[in-house]
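Residue numbers (this note's numbering): 570 to 885.
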């Protein structure tokens, strides 16, 4: 699947996984990491890059070690508020470290850190808005988008489904993007009120976010970068199942800066969903305040900043 995502670029997979509480598994994983390290050295020798850029995750570990061994310049990018283990461990090898959140600076070497924002947000900033009326939505009704990621999220989807079965608000429409598995197995077989529209997937979601009024979503770094770019008020439900509870701290940063509402999964129910939707969409003062805070956030030209700094590193 990843080879399709990076279509047009050479793609090479490495057999690296996260560690578990299983000694036998971890021993095998160490062998795989070492094999990937040797594989990475060969690839880097053949390709001979000026710089290697790591975005965190276990797969970057053997690649960056190989780059260091070959005396190739190293740049890191941290997408979450709390840096991941690999980026924290390998920061000593890095020439520069780019961060998506200002808050991340205190966890890393301040002499190396540059606040660049997230490159994912730049595309969303420049993309043309979709006309919701041409997609069948009313211009007079407020549009809510609910999406929990490309594969959806079982527990959240179930609670959203139960809520939406009863959500017959005449002033609001909902586009519920359920993800492939949940849509095929559940959603397409349910009869929802007329103001609820369910789909498996929506291509170019940021373009629709620009013409919507509220987004209910997870707190992944790329998603939040798109929220900042499209300036859409959001109810953010951090996934409790990700490493180092990254999404919680991403969502908390939004909450602390009054850029949206954080609703933890443990507090998610029909009543809390309804209350939080009403808090934003039925109270003009709340909506305008959050919208104004989003509008006051400058979305950086992340790719341009990174490109410029990497050029400097190459010339050093």
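Backbone N, C-alpha and C fix where the C-beta goes; we use that ideal spot for every residue, glycine too.
Everything numeric in this text was worked out from a predicted model, so none of it was measured.
Residue from 633, 865, 707, 621 whose Cα sits closest to the Cα of residue 882:
621
As a quick exercise: from 652, 630, 628, 610, pick the residue whose alpha carbon is nearest that of residue 638.
610
Tell me the DSSP secondary structure of residue 729 in three-state form.
helix
N- and C-terminal bounds of the alpha helix (DSSP H) containing residue 866
Counting along the chain, residue 866 falls outside any alpha helix (DSSP H), and DSSP gives it neither H nor E.
Which of helix, strand or coil DSSP assigns to residue 878:
Residue 878: helix per DSSP, three-state reduction.
Comparing C-alpha positions only, which one of 808, 594, 772, 655 sits nearest to residue 837?
808
Cross-strand partners of residue 717 (DSSP beta bridge):
DSSP lists no partner for residue 717.
Counting only runs that start and end within the segment 587-626, where is the alpha helix (DSSP H) found for 4 or more residues in a row?
592-616
With a Cβ-Cβ cutoff of 9 Å, do residue 767 and residue 746 count as a contact?
yes
Where DSSP assigns a beta bridge to residue 647, which residues make up the other side?
668
Just grab the DSSP bridge partners of residue 742 for me.
Beta-bridge pairing by DSSP links residue 742 to 712.
Strictly by DSSP, which residues pair up with residue 831?
Partner(s): 805.
Given a cut-off of 9 Å, decide if residue 801 and residue 716 are closer than it, judged by their beta-carbon atoms.
No, Cβ-Cβ distance for residue 716 and residue 801 is not below 9 Å.
Identify, in the order they occur along the chain, each residue of the same chain with its Cβ nearer than 6 Å to the Cβ of residue 756, setting aside the five sequence neighbours on each side.
Excluding residues within five positions, the ones whose Cβ falls inside 6 Å are 747, 767.
9 Å Cβ cutoff met for residue 871 and residue 690
Yes.
Is residue 793 closer than 9 Å to residue 805 when the C-beta atoms are compared?
yes
Can the beta-carbon of residue 693 be found less than 9 Å from the beta-carbon of residue 681?
no
Here's the rule I'm using: 16 or more other beta-carbon atoms within 10 Å means buried, otherwise exposed. How should residue 873 be labelled?
exposed
Check whether the segment 812-828 and the segment 701-713 touch, using three or more Cβ-Cβ pairs below 8 Å as the test.
no
Assign residue 536 to one of two classes, buried (16 or more other C-beta atoms within 10 Å of its C-beta) or exposed (fewer than that).
Given that the chain is displayed from residue 570 to residue 885, the structure contains no residue 536 and the question cannot be resolved.
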